Amino acid sequence: MKYWFGKVHLWLGLPLGSLFLVISLSGALYCWEPEFAAITYKENVEPQQKPFVAISTLKKSVESALPNADLRTVYYRGTSKAVQLLYYVPGTYYHANLNPYTGELIHLQDMKKGWLNNLKFLHRNLMLGDVGREIVHWGTLLYLLMITTGIVIWWPTRKSQRKQRFTIKWGASKKRLNYDLHNVLGFYSSWILIFLVLTGLFWGFQVVKSSIRTLYQEDLIRYDVPHSVEGTPQSEQDQYRLMDYLGEQFRHQYPDRNIRISNPHAADDPIQVSVSSKDRTVTSVDHYYFDRYSGKRLTGHFKNGLHTASSGFTTWNGLMYDIHLGNLFGITSRLLVFMASLIGASLSITGFIYWWSNRKL
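In the working numbering, the protein residues as written are 803 to 1163.
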């Protein structure tokens, strides 16, 4: 039986090796996207003993660089971080990082360009658009079979084999060392990689997501839709003043969390305020809604509301992000995902070396 599992592992490994070298390595690097972004996008500022400037002031600072852009959200991330404005421009969107104390534009980033965004696209679709996305999705499905066959091959059939299956013999020959690096590290990393693969399949195949929706009976739940009650037409300045007020209130109430405020567009759109933790776990985000005219908080059974009232499917969906990005347990889980992804990338190399050294000439 192990013979045939070995053949399947080999037949899948040779064509998938290069693909998952790219996917795993880009994923490992992208684990540190927040840290890379802080440096690349100049997100850190010196805290000052003064209030934040108004949103209207922030908007004016960006207008010369993006004169026809559409402001979508304002994102506050604490006293030592730049405030981030999200702008939509046909075909792309921009993040504008500004000093919250002076309104100075620090960095403007097209979020479809730059090395950090390209790293994300490389991981998602090999920078090949829809075709690349399908390659990644189907390759991920086959990689699940590779992990499964790898565990079966690794599993010791005799008690005397157990120790060598769990330890790397560093003083052995190069050939044996390469075998141990592939075999032992592959086993340890598999228990993390399998969760990364399963969460990837959740996004990659609609049938998987639909099955989970059905399991949680999500389609049977009736949600309220938050709406503003249309009143006296507002000026743009009135709108921003209300957003400023909400931003100040939430920053005071939640000083250790991130606050994102939406800029409503349609006449009955509410202002949405999202409160998230510093580790950016999706499952812990709370959403609040306010009437854009009166500022009154809107209540109801909303699809995206307080995280403690989320449906099973909404929680599951957020959990998929938190597991895949390594945010579930903070820096510890990110380190585990990073190390497992690095090992996953190395398996393509050690596996090829093992095959090459044992091929029949």
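Ideal Cβ placement from N, Cα and C applies to all residues, glycine included. Remember, it's a predicted structure, so these values are computed and weren't measured experimentally.
Measure the C-alpha to C-alpha separation of residue i and residue j and round it to an integer number of angstroms.
i: G934; j: L928; result: 5 Å
i: I955; j: G808; result: 6 Å
i: Y896; j: Q911; result: 5 Å
i: D982; j: S975; result: 10 Å
i: G1153; j: L1003; result: 24 Å
i: S1076; j: V1087; result: 7 Å
i: N980; j: H1103; result: 56 Å
i: D932; j: N1119; result: 22 Å
i: K1105; j: R1059; result: 22 Å
i: T881; j: H1054; result: 11 Å
i: T1116; j: H984; result: 37 Å
i: Q750; j: R1062; result: Any property of residue 750 remains undetermined from this structure, which presents the chain solely from 803 to 1163.
i: I1023; j: T1016; result: 11 Å
i: S866; j: A1068; result: 25 Å
Would residue i and residue j be called neighbours here (beta carbons separated by less than 8 Å)?
i: Y889; j: R874; result: yes
i: G1146; j: S826; result: yes
i: S1159; j: K977; result: yes
i: I1073; j: S1064; result: yes
i: F1007; j: I1125; result: no
i: R960; j: V986; result: no
i: L995; j: I953; result: no
i: S1030; j: P1066; result: yes
i: S863; j: Y1042; result: no
i: V999; j: Y945; result: yes
i: G1132; j: D1081; result: yes
i: G1107; j: L1044; result: no
Report all residues from its chain with a CB closer than 6 Å to the CB of residue i; omit the five preceding and five following residues, and keep chain order.
i: A871; result: Y889, V891
i: L918; result: F838, T842
i: A1142; result: S991, I994, L995
Less than 7 Å between C-beta atoms, sequence neighbours within five positions excluded: which residues of the same chain meet that for residue i?
i: L831; result: L921
i: Q850; result: Y903
i: T894; result: D912, M913, K914
i: H925; result: I825, S828, G829, Y832
i: L1137; result: none
i: L814; result: L944, L947, M948
i: N899; result: Y843, K844, E845, A884, Q886, I908, H909
With a 10 Å radius around its C-beta and 16 neighbouring C-beta atoms as the bar for buried, classify residue i as buried or exposed.
i: Q886; result: buried
i: V855; result: buried
i: K861; result: buried
i: L816; result: exposed
i: M803; result: exposed
Please return the same chain residues whose Cβ sits closer than 8 Å to the Cβ of residue i, not counting the five positions on each side in sequence.
i: S820; result: S1150
Completely contained alpha helix (DSSP H) runs for the region 976-1032, where each covers 4 or more residues: Scanning the region 976-1032 for uninterrupted alpha helix (DSSP H) segments of 4 residues or longer gives 976-1006, 1008-1017, listed from N- to C-terminal end.
Within the region 928-959, ranges of the alpha helix (DSSP H) (whole runs, at least 4 residues): Secondary structure in the region 928-959: the alpha helix (DSSP H) runs of 4 residues or longer, each lying completely within the stretch, are 931-956 in chain order.
Ordered list of alpha helix (DSSP H) runs contained in the region 836-893, each at least 4 residues: 857-865
Segments assigned beta strand (DSSP E), at least 3 residues, entirely inside the region 1027-1097: If we require 3 residues or more, the beta strand (DSSP E) runs fully inside the region 1027-1097 come out as 1060-1064, 1073-1078, 1088-1092.
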